[in-house]
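K.L.:
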Amino acid sequence: MSPTDPPPPDRFPIGKFTERARKVLSLAQEESQRFRHNYIGTEHLLLALIRENEGIAARVLHTLGVELKSARKDMEATLKRGDHIVLGEIGLTASAKKIIELAVDEARHLNHHYIGTEHLLLGLIREGTGVGNAILEKKGVTLEKVRTLTIQFLSQPETPSEKLEPTKEAPPNDPSGEAKKSWEETHLNKLNEQVHKVLDLADEEARRFQHNYIGTEHLLLGLTRDQGGVAAQVLARLGVGLEQVRRAIEFIIGRGDRIVNSKIGMTPRSKQVIELAIDEAQRLNQPLASTEHLLLGLVREGKGIAAGVLESMGINLARVRQQTLDFLPQEKGGSSSAASTPALPAIEIFKKTYHLTNAAKKVLDLAQGEAHLLQHDHIGLEHLLAGLLHEEQNAAATILHSFAIDLAQTRAAIEGQMKRGQQPVEPGNLDFTPLAWAYLYLAADEAQQRGHHQLDTPHLLLALTRESQGSIPKLLESLGTTVEAVRAKTLEALQ
Numbered sequence: 001m002s003p004t005d006p007p008p009p010d011r012f013p014i015g016k017f018t019e020r021a022r023k024v025l026s027l028a029q030e031e032s033q034r035f036r037h038n039y040i041g042t043e044h045l046l047l048a049l050i051r052e053n054e055g056i057a058a059r060v061l062h063t064l065g066v067e068l069k070s071a072r073k074d075m076e077a078t079l080k081r082g083d084h085i086v087l088g089e090i091g092l093t094a095s096a097k098k099i100i101e102l103a104v105d106e107a108r109h110l111n112h113h114y115i116g117t118e119h120l121l122l123g124l125i126r127e128g129t130g131v132g133n134a135i136l137e138k139k140g141v142t143l144e145k146v147r148t149l150t151i152q153f154l155s156q157p158e159t160p161s162e163k164l165e166p167t168k169e170a171p172p173n174d175p176s177g178e179a180k181k182s183w184e185e186t187h188l189n190k191l192n193e194q195v196h197k198v199l200d201l202a203d204e205e206a207r208r209f210q211h212n213y214i215g216t217e218h219l220l221l222g223l224t225r226d227q228g229g230v231a232a233q234v235l236a237r238l239g240v241g242l243e244q245v246r247r248a249i250e251f252i253i254g255r256g257d258r259i260v261n262s263k264i265g266m267t268p269r270s271k272q273v274i275e276l277a278i279d280e281a282q283r284l285n286q287p288l289a290s291t292e293h294l295l296l297g298l299v300r301e302g303k304g305i306a307a308g309v310l311e312s313m314g315i316n317l318a319r320v321r322q323q324t325l326d327f328l329p330q331e332k333g334g335s336s337s338a339a340s341t342p343a344l345p346a347i348e349i350f351k352k353t354y355h356l357t358n359a360a361k362k363v364l365d366l367a368q369g370e371a372h373l374l375q376h377d378h379i380g381l382e383h384l385l386a387g388l389l390h391e392e393q394n395a396a397a398t399i400l401h402s403f404a405i406d407l408a409q410t411r412a413a414i415e416g417q418m419k420r421g422q423q424p425v426e427p428g429n430l431d432f433t434p435l436a437w438a439y440l441y442l443a444a445d446e447a448q449q450r451g452h453h454q455l456d457t458p459h460l461l462l463a464l465t466r467e468s469q470g471s472i473p474k475l476l477e478s479l480g481t482t483v484e485a486v487r488a489k490t491l492e493a494l495q
């Protein structure tokens with residue numbers, strides 16, 4: 001396997017990681033994608049440890065004067081950003097894997113029966129060769145200082161405000177007596193029998209490829225193989241076949257170099273898909289997640305290898321979602337009249353699924369109008385920005401106006417950057433580009449991260465300003481500001 005393949009579970013017992021330590025791994029992936037890197041390195045783990053903000057590692061680093069903004073600046077001075085957004089599955093570098101091995105060793109030496117953020121930090125410093133370690137050395141952070149502070153924090157009596165919840169950083173034998181549930185105990189009992197069968201098939205497919213983990217691609221194979229499930233029927237209608245998927249996976253990531261006999265586990269991205277599937281079932285008032293919800297979770301996550309495989313076959317993820325939701329009334333005992341109802345356009349399904357405010361819905365409609373105005377046959381990020389300004393009575397427009405940005409200026413800038421189409425586009429619904437769809441899901445993510453029950457225009461603006469390279473940063477720069485400034489103002493407005 002390549003140096004960035006997911007770690008084998010027998011070497012890295014993820015089940016013993018605290019909730020915060022697992023969150024660090026997830027945040028590290030976000031930091032990697034933020035920099036458009038196709039790997040998770042020591043530098044991303046360091047940024048994630050600081051960003052997690054509540055664990056012992058974050059407290060140690062803050063005490064030693066290591067802050068997120070300065071660490072990111074040091075990282076940017078050392079490493080360049082990638083050329084494009086990375087949407088596929090990414091794994092750990094050899095140095096990052098070494099950090100986790102050393103974290104396990106640190107926990108063992110401290111006689112801890114769990115692996116927390118403090119162990120990951122100690123492992124990072126012990127590893128000693130990565131970019132993350134170089135950033136810490138520059139700030140005078142040494143293993144001795146970290147170890148001393150870690151032990152001090154661990155030995156401090158807990159106050160009510162500092163007490164660590166058993167589900168987060170506390171070890172399984174927490175004095176409160178409340179047993180810490182594993183991820184499997186919390187989530188797998190919310191899946192029906194058919195999904196458990198799919199997981200078994202995904203395990204078989206992973207071993208077939210000699211992969212020592214279950215990724216989103218193996219979940220897709222499991223769904224395709226389970227011929228009795230709704231998901232398999234939807235995929236078949238879209239022309240997705242088992243051998244076709246297998247060939248695409250082998251082309252994208254290849255096979256492992258040895259037979260896997262030990263127990264294997266799911267990647268963090270696959271676990272996220274399971275969590276999204278459970279959420280989809282709850283949204284549809286179903287007590288247990290079934291195969292159709294797992295497929296909805298796969299396309300909603302949208303960044304794993306499974307999503308890449310479907311897109312490589314020319315299948316739009318929004319179309320998969322639409323086909324799945326359109327299929328459900330027939331399968332769940334819906335009336336014949338319901339079955340004959342024309343399928344909603346994908347964007348209408350998106351609006352209903354993520355509970356958009358009226359202002360946000362209007363912005364998406366106006367974005368289509370902006371595309372027609374410029375004679376473009378698609379809706380891109382630029383049209384979304386113009387749509388935000390066109391619908392003047394919304395929070396995002398107010399934020400943009402505070403930077404002296406208006407609709408006329410923005411239209412002129414877009415036309416200068418993209419040029420007008422050669423001929424008028426026929427009336428009718430235009431589709432969003434794959435990149436625009438990805439940013440719509442990022443907007444939903446921005447809302448969900450903040451516990452907001454509706455997706456509003458500021459969430460759309462946050463999504464558009466999430467990257468520092470691409471068409472939107474260029475547009476905003478031509479209009480006299482930056483994505484960082486607009487994002488900061490939007491976050492301030494939301495607070």
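Numbering (the UniProt record's numbering), first residue to last: 1 to 495.
Glycine residues also receive a C-beta, built at the ideal position from the N, C-alpha and C atoms.
These numbers were taken from a predicted model, which means no experiment stands behind them.
Please tell me whether Y213 has its Cβ less than 8 Å away from any Cβ of chain C.
P.N.:
Annotation note: the requested chain C is absent from the structure, which comprises a single protein chain.
K.L.:
Report the residue ranges of all alpha helix (DSSP H) runs contained in full by the region 305-331; include only those spanning at least 4 residues, in chain order.
P.N.:
For the region 305-331, whole alpha helix (DSSP H) runs of length 4 or above, ordered along the chain, are 305-312 and 317-331.
K.L.:
Can you tell which of L356, I115 and I99 has its C-alpha closest to the C-alpha of A21?
P.N.:
Here residue 21 corresponds to residue number 21 of the sequence shown, with the count starting at 1. Among L356, I115 and I99, the Cα nearest to that of A21 is on I115.
K.L.:
Nearest CA to the CA of L460: which residue from I125, V363, E19 and L223?
P.N.:
The count along the sequence shown starts at 1 and reaches residue 460 at position 460. When only C-alpha atoms are compared, the closest one is V363.
K.L.:
Mind checking F350: buried by the 16 CB within 10 Å criterion, or exposed?
P.N.:
Against the sequence shown, residue 350 aligns to sequence position 350. Classification for F350: buried.
K.L.:
Report all residues from its chain with a CB closer than 8 Å to the CB of E301; omit the five preceding and five following residues, and keep chain order.
P.N.:
What you label residue 301 is simply residue 301 of the sequence shown in a count that begins at 1. Excluding residues within five positions, the ones whose Cβ falls inside 8 Å are T216, R269, Q272, V273, L276 and A307.
K.L.:
Quick check: the Cα distance between E31 and V483, rounded to an integer number of angstroms?
P.N.:
For the purposes of this step, residue 31 is taken as residue 31 along the sequence shown, with counting starting at 1. For the purposes of this step, residue 483 is taken as residue 483 along the sequence shown, with counting starting at 1. Their backbone Cα atoms lie some 17 Å apart in a straight line.
K.L.:
Can you give me the Cβ contacts of Q323 inside the same chain, cut-off strictly under 7 Å, excluding the 5 residues immediately before and after it?
P.N.:
Position 323 of the sequence shown, counted from the start, is the residue given in the question as residue 323. Hits under 7 Å: V234, R237 and L238.
K.L.:
If I measure Cβ to Cβ from A96 and keep anything under 7 Å in the same chain, skipping five residues before and after, which residues do I get?
P.N.:
For this step, residue 96 is matched to residue 96 along the sequence shown. If we look at A96 and ignore the five residues flanking it on each side, its Cβ neighbours are I40, G41, T42 and L45.
K.L.:
How long is the line joining the alpha carbons of E492 and N111, rounded to whole angstroms?
P.N.:
What you label residue 492 is simply residue 492 of the sequence shown in a count that begins at 1. What you label residue 111 is simply residue 111 of the sequence shown in a count that begins at 1. Roughly 44 Å separates the two Cα atoms.
K.L.:
Roughly how many whole angstroms lie between the Cα atoms of G333 and D200?
P.N.:
For the purposes of this step, residue 333 is taken as the residue at position 333 of the sequence shown. For the purposes of this step, residue 200 is taken as the residue at position 200 of the sequence shown. The predicted model places G333 with a pLDDT of 39, which falls under 50 and marks its position as unreliable; any figure quoted below should be read in that light. One C-alpha to the other measures close to 28 Å.
K.L.:
What are the complete alpha helix (DSSP H) segments, minimum 4 residues, inside the region 245-311?
P.N.:
Here the runs fully enclosed are 268-283 and 291-301.
K.L.:
Tell me, to the nearest whole angstrom, how far the beta carbon of I214 is from that of I264; I am working on the premise that it is less than 8 Å.
P.N.:
Start at 1 with the first residue of the sequence shown, and residue 214 comes out as number 214. Start at 1 with the first residue of the sequence shown, and residue 264 comes out as number 264. Sure, about 6 Å apart at Cβ, within 8 Å.
K.L.:
For A413 and A360, what's the separation of their Cα atoms in angstroms?
P.N.:
What you label residue 413 is simply residue 413 of the sequence shown in a count that begins at 1. What you label residue 360 is simply residue 360 of the sequence shown in a count that begins at 1. Their Cα atoms are separated by approximately 23 Å.
K.L.:
First and last residue of the alpha helix (DSSP H) that includes S95?
P.N.:
Mapped onto the sequence shown, residue 95 falls at position 95. Start and end: A94 to H109.
K.L.:
Measuring alpha carbon to alpha carbon, tell me which of A463, S402, K474 and I347 ends up nearest Q417.
P.N.:
What you label residue 417 is simply residue 417 of the sequence shown in a count that begins at 1. Comparing Cα positions, the closest option is K474.
K.L.:
Note down, in chain order, each residue of its chain lying with its Cβ closer than 6 Å to the Cβ of Q368, except the 5 sequence neighbours on either side.
P.N.:
Residue 368 sits at position 368 when you count from the first residue of the sequence shown. Closer than 6 Å at the Cβ level, and outside the excluded window around Q368, lie I379 and L430.
K.L.:
Output yes or no for whether 8 Å exceeds the beta carbon distance between L120 and L49.
P.N.:
Within the sequence shown, residue 120 is the residue found at index 120, counting from 1. Within the sequence shown, residue 49 is the residue found at index 49, counting from 1. Yes; because the gap between Cβ atoms is below 8 Å, this pair is in contact.
K.L.:
Could you tell me the distance, in whole angstroms, from the CA atom of L92 to the CA atom of A28?
P.N.:
Along the sequence shown, read from residue 1 onward, the residue named residue 92 stands at position 92. Along the sequence shown, read from residue 1 onward, the residue named residue 28 stands at position 28. The straight-line gap from Cα to Cα measures roughly 10 Å.
K.L.:
Around the Cβ of Q495, are there at least 16 other Cβ atoms within 10 angstroms (buried) or fewer (exposed)?
P.N.:
Here residue 495 refers to the residue found at position 495 of the sequence shown. Exposed, since its Cβ has fewer than 16 Cβ neighbours within 10 Å.
K.L.:
Figure out for me which residue from I100, D406, R450 and D279 has the closest Cα to the Cα of F17.
P.N.:
Taking the sequence shown and counting its residues from 1, one reaches residue 17 at position 17. If we check each option's Cα against that of F17, I100 comes out closest.
K.L.:
My assumption, with CB atoms under 8 Å, is that L288 sits in contact with K197. Please give the rounded CB distance.
P.N.:
Taking the first residue of the sequence shown as 1, we reach residue 288 at position 288. Taking the first residue of the sequence shown as 1, we reach residue 197 at position 197. Rounded, the Cβ-Cβ distance is 13 Å, inconsistent with contact.
K.L.:
Helix or strand or just coil, what does DSSP make of L191?
P.N.:
The sequence position of residue 191 within the sequence shown is 191, counting from 1. Correct three-state label for L191: strand.
K.L.:
I need the DSSP call for I399, collapsed to helix, strand or coil.
P.N.:
Taking the sequence shown and counting its residues from 1, one reaches residue 399 at position 399. DSSP places I399 in helix when its eight states are reduced to three.
K.L.:
Check whether the Cβ atoms of H218 and A202 lie closer than 8 Å to each other.
P.N.:
The residue you call residue 218 lines up with position 218 of the sequence shown. The residue you call residue 202 lines up with position 202 of the sequence shown. Cβ distance < 8 Å, so H218 and A202 count as in contact.
K.L.:
Let me make sure I understand the geometry here. Which of Y441, A103 and H376 has the alpha-carbon closest to that of R321?
P.N.:
Taking the first residue of the sequence shown as position 1, residue 321 is located at position 321. Of Y441, A103 and H376, the residue nearest in Cα terms is Y441.
K.L.:
Could you have a look at F35 and say whether DSSP puts it in helix, strand or coil?
P.N.:
Within the sequence shown, residue 35 is the residue found at index 35, counting from 1. The answer is coil: DSSP assigns F35 none of H, G, I, E or B.
K.L.:
Rank N38, K23 and R72 by C-alpha distance to the C-alpha of N53 and give the top, closest one.
P.N.:
Within the sequence shown, numbered from 1, the residue matching residue 53 stands at position 53. Looking at the Cα atoms, K23 is the closest of the given residues.
K.L.:
Output needed for N133: all residues of its chain with C-beta closer than 7 Å, excluding positions within five of it in sequence on either side, in chain order.
P.N.:
Reading the sequence shown from its first residue, position 133 is the one you call residue 133. Around N133: T42, L124, I125 and E127.
K.L.:
According to DSSP, I40 sits in a beta bridge with which residue or residues?
P.N.:
The count along the sequence shown starts at 1 and reaches residue 40 at position 40. Note: I40 sits in a beta bridge opposite L92.
K.L.:
According to DSSP, is L122 helix, strand or coil?
P.N.:
On the sequence shown, position 122 is the one that residue 122 refers to. L122: helix per DSSP, three-state reduction.
K.L.:
What number of angstroms, rounded off, separates the C-alpha of R258 from the C-alpha of K138?
P.N.:
Within the sequence shown, numbered from 1, the residue matching residue 258 stands at position 258. Within the sequence shown, numbered from 1, the residue matching residue 138 stands at position 138. Their backbone Cα atoms lie some 41 Å apart in a straight line.
K.L.:
Report yes if the C-beta distance between A463 and Y439 is below 8 Å; otherwise report no.
P.N.:
Residue mapping note: residue 463 aligns to position 463 of the sequence shown, counting from 1. Residue mapping note: residue 439 aligns to position 439 of the sequence shown, counting from 1. Closer than 8 Å, so yes.
K.L.:
To the nearest angstrom, report how far apart G254 and N261 are at their CA atoms.
P.N.:
Counted from its first residue, the sequence shown places residue 254 at position 254. Counted from its first residue, the sequence shown places residue 261 at position 261. Going by the C-alpha atoms only, they are around 19 Å apart.
K.L.:
Write down the C-beta distance between L455 and H355 rounded to the nearest angstrom, noting that I regard them as a contact closer than 8 Å.
P.N.:
Taking the sequence shown and counting its residues from 1, one reaches residue 455 at position 455. Taking the sequence shown and counting its residues from 1, one reaches residue 355 at position 355. Indeed, because the Cβ distance is near 6 Å, the residues count as touching under 8 Å.
K.L.:
Please state whether DSSP places T18 in a helix, a strand or coil.
P.N.:
The sequence position of residue 18 within the sequence shown is 18, counting from 1. DSSP places T18 in coil when its eight states are reduced to three.
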